[in-house]
Ligand SMILES: C[S@@+](CC[C@H](N)C(=O)[O-])C[C@H]1O[C@@H](n2cnc3c(N)ncnc32)[C@H](O)[C@@H]1O
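In the numbering used here, the protein residues as written are 1 to 223.
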């Protein structure tokens, strides 16, 4: 009897530990293998994938690429690979731009590894310069470039201004059914999206999900 109690006392914390881990694990299964945990982005990634299907997206733009490939699903998000995979499955084209050679090299490695090269093009450039030259209608715009800071207010402002500038440059390439997702919004100071979201809300955009990421579509596309 005592041995059974001792075994139970040993096993209980292990069971609790793995149960908590399981509950906290936010996968995009079956779209992505179960082992990848997308944490706070799962809700918005899942809804975006659904919208991409429904709206038959063909052109995707991401600012700020997945520098760590699929290694950073919990931290950076790994959006280049997630939406790149969707692009491959749906014969769409994704363009991801990044100012850092290191980031582009890191992303390219995983793009090649996943055999997404024909569907994901990585551009080494400042996002503002790249967006100025992009001249096709955009179905899905993902803003996630200029790194934000939890503490440094100057960096916060610069990041927010940068994301607003990105949006303003590319705004006229967005259409009735375009989808916009902005990363790192649920942070002190309002996150990357604070300024651009305020701008969008005055121009007929509606927030579909307001979480760590903010997902927006045009109000007219909902009627
Ligand atoms: C958070 S990471 C992007 C993560 C990626 N979207 C993902 O889901 O894994 C931010 C990236 O933005 C890039 N970046 C910063 N400023 C930029 C700029 N002005 N133009 C383009 N990329 C920029 C950084 O080099 C970095 O690789």
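Idealized CB from N, CA, C, for every residue including glycine.
_Start and end residues, alpha helix (DSSP H) containing residue 152_ = In the chain shown, counting from the first residue as 1, residue 152 sits at position 152. From DSSP, residue 152 is part of no alpha helix (DSSP H); its letter is neither H nor E.
*asked:* Is residue 103 a contact residue of ligand 1, with contact defined as CB to any heavy atom under 7 Å?
replied: In the chain shown, counting from the first residue as 1, residue 103 sits at position 103. Answer for residue 103: yes, Cβ within range of ligand 1.
*State yes or no: is the C-beta of residue 62 nearer than 7 Å to some heavy atom of ligand 1?*
If you number the chain shown from 1, residue 62 lands on position 62. Between ligand 1 and residue 62, a heavy atom-to-CB distance of less than 7 Å is present.
*Does the segment 201-209 come close enough to the segment 37-48 to have 3 or more Cβ pairs within less than 8 Å?*
Cβ pair count under 8 Å is three or more, so yes.
*If you run the structure through DSSP and keep just helix, strand and coil, what is residue 100?*
Taking the chain shown and counting its residues from 1, the one referred to as residue 100 is at position 100. In the structure shown, residue 100 sits in coil (DSSP, three-state: anything other than H, G, I, E or B).
_For residue 154, the nearest candidate out of 191, 8 and 25 (CA to CA)_ = Position 154 of the chain shown holds residue 154. Residue 191 is the option with its Cα nearest to residue 154.
*Thinking C-alpha only, which one of 187, 117, 134 and 118 is nearest residue 125?*
In the chain shown, the residue the question calls residue 125 occupies position 125. Out of 187, 117, 134 and 118, 134 has the C-alpha closest to the C-alpha of residue 125.
*asked:* Just verifying my parser: in three-state terms, what is the DSSP assignment at residue 53?
replied: The residue labelled residue 53 in the question sits at position 53 within the chain shown. In the three-state scheme derived from DSSP, where H, G and I count as helix and E and B as strand, residue 53 is classed as helix.
*Do residue 40 and ligand 3 come close, with the Cβ less than 7 Å from some heavy atom?*
Ligands in the displayed structure: ligand 1; ligand 3 is not one of them.
_Complete runs of the alpha helix (DSSP H) confined to the segment 105-178 [at least 4 residues]_ = Entirely contained in the segment 105-178, the alpha helix (DSSP H) runs reaching 4 residues are, in chain order, 127-133 and 153-170.
*Quick one: using the 10 Å Cβ neighbour count with 16 as the cut-off for buried, is residue 84 buried or exposed?*
In the chain shown, the residue the question calls residue 84 occupies position 84. A buried status is given to residue 84, since no fewer than 16 other beta-carbon atoms sit within 10 Å of its beta-carbon.
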